[in-house]
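Below you'll find the structure, written out as structure tokens, and then a few comments.
Residue numbers (my numbering): 58 to 386.
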């Protein structure tokens, strides 16, 4: 008879060993010390950076420009496309280098060339950019249609986001703008308060890269009906009970008084045990979750065995317990 009991006892010991190791795997350090984890986004407050004066437009390769001379009807070249070498061909003037110079500088340059050619004495030249394939803003991240948005002069942040179909449900309210010539990213908080929205509608210029970051998520694992990744609410705090509701609630085998919230702070993982049964009945406060939190609900060993094996397992454990008790084992 002892020969048949030993495998069952061994199985129980194995369950105890496996159950005891679940706690250890969440202890200790998270990522290496030099890893940038949980870096908060701080909105930019410098008004000179958020609302700079509009830069002069630069003419580039592929641009289509219209050249006009005030009061001169005899010199009206058709619209001119800047070639791949950055030049344009003008009557009586020849090749003029346009690539990389501002519209104002190009107007002065053409005026000087016309004077040098003896065509006009004091020409007043104006240039209009009709098409500018290189004057674009790269919009990426959590927008419905990431794309290159044409921008001549400047547009506002909300206009650029609208062209891309707006933000996705997983988008954060924090928008990052990378701008040439500006040290570090520009961070804008798109407030949900309509009264504050105009202040966050900052100008966007050609060459900018607009990144809509993804909102933080919570990872739910263990004895829940649904395990997975759940996004935090963008407009209000998200609590443990709310995430549990999204996960369908705990399963039968879940050890409700031993639920763990694992949070990465700096380069260390911290673990807090909570009793979700007490929280559900209002005896303990409902903790607020943060981005990248892990909610882990361990399984009770006996309950897990019952769930896996059903009624035969339950009867087998009861019979084994009765036998051990009767024989003093």
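Backbone N, C-alpha and C fix where the C-beta goes; we use that ideal spot for every residue, glycine too. The model shown is predicted, which means the values in this text are computed figures rather than measured ones.
Segment contact: the segment 259-270 against the segment 176-196, three or more CB-CB distances shorter than 8 Å; contact assigned. When the five nearest sequence neighbours on each side are left out, the beta carbons in the same chain lying within less than 8 Å of the beta carbon of residue 147 are those of 124, 134, 137, 153, 167 and 170, in order along the chain.
If you draw a straight line from the Cα of residue 119 to the Cα of residue 274, it is about 43 Å long.
Residue environment: residue 179 is assigned as exposed (fewer than 16 neighbouring CB atoms within 10 Å of its CB, all protein chains considered).
Comparing alpha-carbon positions, the option among 108, 177 and 349 lying closest to residue 323 turns out to be 349. Selection 301, 247 and 262 evaluated against residue 272 yields 247 as nearest (Cα-Cα).
According to the DSSP secondary-structure assignment, residue 328 is paired through a beta bridge with 319. The C-beta distance from residue 320 to residue 347 rounds to 6 Å, short enough to meet the 8 Å contact threshold. Spatial neighbours of residue 187 in its own chain (CB-CB distance under 7 Å, excluding positions within 5 residues in sequence) are listed in chain order as 121, 122, 123 and 136.
Nearest to residue 183 by alpha-carbon distance, out of 176, 162 and 192, is 162. For residue 166, the enclosing alpha helix (DSSP H) stretches over residues 160-173.
For the options 296, 240, 149 and 164, the alpha carbon positioned closest to that of residue 175 is the one of 149. Secondary structure note for residue 336: its alpha helix (DSSP H) is the uninterrupted segment 333-337. Under DSSP, the beta-bridge partners assigned to residue 276 are 286 and 351. For residue 187, the three-state secondary structure derived from DSSP is strand. When C-beta atoms of the segment 278-286 are compared with those of the segment 304-313, three or more pairs fall below 8 Å, so the two segments count as touching.
In this structure, the CA atom of residue 296 is about 34 Å from the CA atom of residue 107. The Cβ atoms of residue 117 and residue 139 sit closer than 8 Å to each other. Excluding sequence positions up to five before and after residue 132, its CB lies within less than 6 Å of the CB of 126, all in the same chain and listed in chain order. Residue 245 sits close to residue 100, with the two beta carbons spaced by under 8 Å.
Take residue 172, set aside five residues on each side of it, and the residues of its chain with a beta-carbon closer than 8 Å to its own are 178, 179 and 180, in chain order. Around the beta carbon of residue 222, a 10 Å sphere encloses fewer than 16 other beta carbons of the protein chains shown; the residue is thus reported as exposed. Per the C-alpha coordinates, the member of 211, 192 and 242 positioned closest to residue 205 is 192. Cα atoms of residue 185 and residue 210: separation of roughly 12 Å, rounded to the nearest angstrom.
Check the Cα spacing between residue 200 and each of 213, 189 and 220: the tightest is with 220. Each residue's CA atom was taken as its position, placing residue 298 and residue 332 some 11 Å apart.
As for any beta strand (DSSP E) of minimum length 3 sitting wholly inside the segment 213-246, the runs are 228-235 and 243-246, ordered along the chain. In this structure, 234 is the residue among 277, 276, 242 and 234 with its C-alpha nearest to the C-alpha of residue 258.
The three-state secondary structure of residue 138, taken from DSSP, is strand.
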